[in-house]
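Participant:
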Amino acid sequence: MNELESLFSSVRNEFPALNQKVHGKTLRYLDSAATTLKPKAVVDRISHFYSYETSNVHRGAHYLGDVATQAFEAARQKVAEFLHAKQIEEIVFVRGTTEGVNLVAHSWGLTNLKDGDEILITEMEHHGNIVPWQMVAEKVGAKVLAAKILDNGELDLEDFKKKLSAKTKMVAFTACSNVLGTNNDMALLTKLAHEVGAKVLIDGAQIVSQSSVDVQKIDCDFFVFSAHKLFGPFGFGVLYGKKEILDQMPPYQGGGSMIAKVTVDKTTFNEVPFRFEAGTPHVEGAIGLHAAIDFMEKIGFEKIHAYEMELLKEATAKLEMIPDLKIFGTAPNKGPIISFNLKGTHHSDVGQILDQEGVAVRAGHHCTQPLMARLGIPGTVRASFSVYNNREDIDALVKAVAKAREMLL
Ligand code: PMP
């Protein structure tokens, strides 16, 4: 065992889910790109909140109300530091990546986009970063264009540049493809978009569990992510937006907390970020995310990245040795995600056989139908790796895929 392996073998112990058998086999959880398992520290923190601190926030005239509000706002401060935002007001709490994109598309988009404008996305986007733009584009008469990808799964930078023009008002792209694993150069794409005067939204769903993000260095206008993909709770996420842009955006939803004053005839709205947080928020979501970021920081982003790259390298090399196996996405700069198919088989059949062996992967189109159309396939099997995986998981995956090949071919 090398130094990283021994560090991460103790990290693995913090995930109770891994101490169970499925179908009589040791669970090999290789579906972290869909959602990560939750460490004990996060589960315990949420349990503590529910047991001893339950109270609504921003309303309290009592002790527990203050405790909950302080914990909720401390989470906002933590997220601001995690993303290296300039100020805490730039952190809006939402339901997840999908709601973050919808908020920007509807609030910013409906105010700023008009007939003839263009929104540039890429061929590797998740539906969450496609559909909201289409909905808004249809309403205002704007057009959604997608920059192409190369055969190895990298973004075709020349095509991206070609599709940027004075008509481009928004460039929305993923930091890391949930299928191909491709990491995009966030700062470069942002710079190119800004050169034509477009705003930039980055879908950070897959990047936040892999490396630390500095929104000021990247200079993006918006950045969205979901807590459940970085060891935190479901139903919670973050929209970062530059303060000067958020200040100009109208509310997305109306209700309690987002108001300054309400009369029967008229409402004036609260300051950002509260203007975008109508209703009772997902308090334990914020608190759980805080614990999840603490968990990652305790390990260290550099170590996490180095370890996941070791897993990716080893799993890629071993899978490549299986005859008839094709990997989709071989960009030099990749996250720990491997999509593949066995020639002549259906991804769902392979997925089912792997499940019987205790190997949890995702099989399907991964909410990226335009990408599947570009690749000319209905879906893939996807194995994704995280801090709690190890060599035995990789070996179990490889063995199960070899078995699927024997059974299906
Ligand atoms: N974008 C990417 C790249 C994703 O991987 C996902 C989740 N699979 C999403 C967006 C949507 O995230 P959520 O469902 O948590 O809103």
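For this note's numbering, count along the sequence shown from 1 and bump the result up by 32.
Even for Gly, the Cβ is constructed at its ideal location relative to N, Cα and C.
1) Assuming Thr400 and Ser258 make a contact with CB atoms under 8 Å, what is their CB distance in whole Å?
2) Given Lys335, which residues of its chain have a CB within under 7 Å of its CB, disregarding the five upstream and five downstream residues?
3) When the Cα of Val247 is compared with those of Asp381, Asn45 and Ala117, which residue comes out closest?
4) Quick one, are the C-beta atoms of Leu271 and Val256 less than 8 Å apart?
5) Considering only the beta carbon of each residue, do Val315 and Leu386 sit closer than 8 Å?
6) When the Cα of Phe268 is compared with those of Lys223, Ala324, Gly288 and Gly287, which residue comes out closest?
7) Is Glu157 close to chain D? Criterion is C-beta to C-beta, closer than 8 Å.
8) Can you name the start and end residues of the alpha helix (DSSP H) that Thr210 belongs to?
9) Between Ala107, Pro368, Ala392 and Ile162, which lies nearest to Ala347 when the distance is taken from Cα to Cα?
10) Comparing C-alpha positions only, which one of Ile234, Gln242, Gly160 and Val75 sits nearest to Phe417?
11) Would the region 303 to 323 and the region 377 to 396 be scored as touching if the rule is three or more Cβ pairs under 8 Å?
12) Quick one: give me the first and last residue of the alpha helix (DSSP H) that Gly132 is part of.
13) Could you check whether the Cβ of Asn210 sits closer than 7 Å to any heavy atom belonging to ligand 3?
14) Indicate, with yes or no, if ligand 1 has a heavy atom lying under 7 Å from the CB of Gln401.
15) Give the C-beta separation of His322 and Ala106 to the nearest angstrom, bearing in mind that I take them to be a contact with Cβ-Cβ under 8 Å.
16) What distance in whole Å lies between the Cβ atoms of Ala73 and Glu46, which are believed to be in contact at a cut-off of 8 Å?
17) Flag His260 as yes when its Cβ comes closer than 7 Å to any non-hydrogen atom of ligand 1, and as no otherwise.
18) Apart from the five residues just before and just after Arg307, which ones in its own chain have a Cβ nearer than 7 Å to its Cβ?
19) Please classify Arg91: is it buried, with 16 or more other beta-carbons within 10 angstroms of its beta-carbon, or exposed?
20) From what residue to what residue does the alpha helix (DSSP H) around Tyr95 run?
21) Pair every Cβ in the region 219 to 228 with every Cβ in the region 371 to 385, then say whether three or more of these pairs are closer than 8 Å.
22) Under 7 Å: does the beta carbon of Asp235 sit that close to some heavy atom of ligand 1?
23) By how many angstroms is the C-alpha of Val111 removed from the C-alpha of Ile123?
Facilitator: Short version:
1) Their Cβ separation, rounded to whole angstroms, is 16 Å, which puts Thr400 and Ser258 out of contact at 8 Å.
2) Leu36 and Leu39
3) Ala117
4) yes
5) no
6) Ala324
7) Absent from the structure: chain D. Only one protein chain is present.
8) Note on residue identity: the sequence assigns Asn, not Thr, to residue 210. No alpha helix (DSSP H) contains Asn210, which DSSP labels as neither H nor E.
9) Pro368
10) Gln242
11) no
12) Thr129 to Leu135
13) This structure simply doesn't include ligand 3; it includes ligand 1 instead.
14) no
15) 6 Å
16) 7 Å
17) yes
18) Pro283, Met290 and Phe301
19) exposed
20) Tyr95 to Leu115
21) no
22) yes
23) 7 Å
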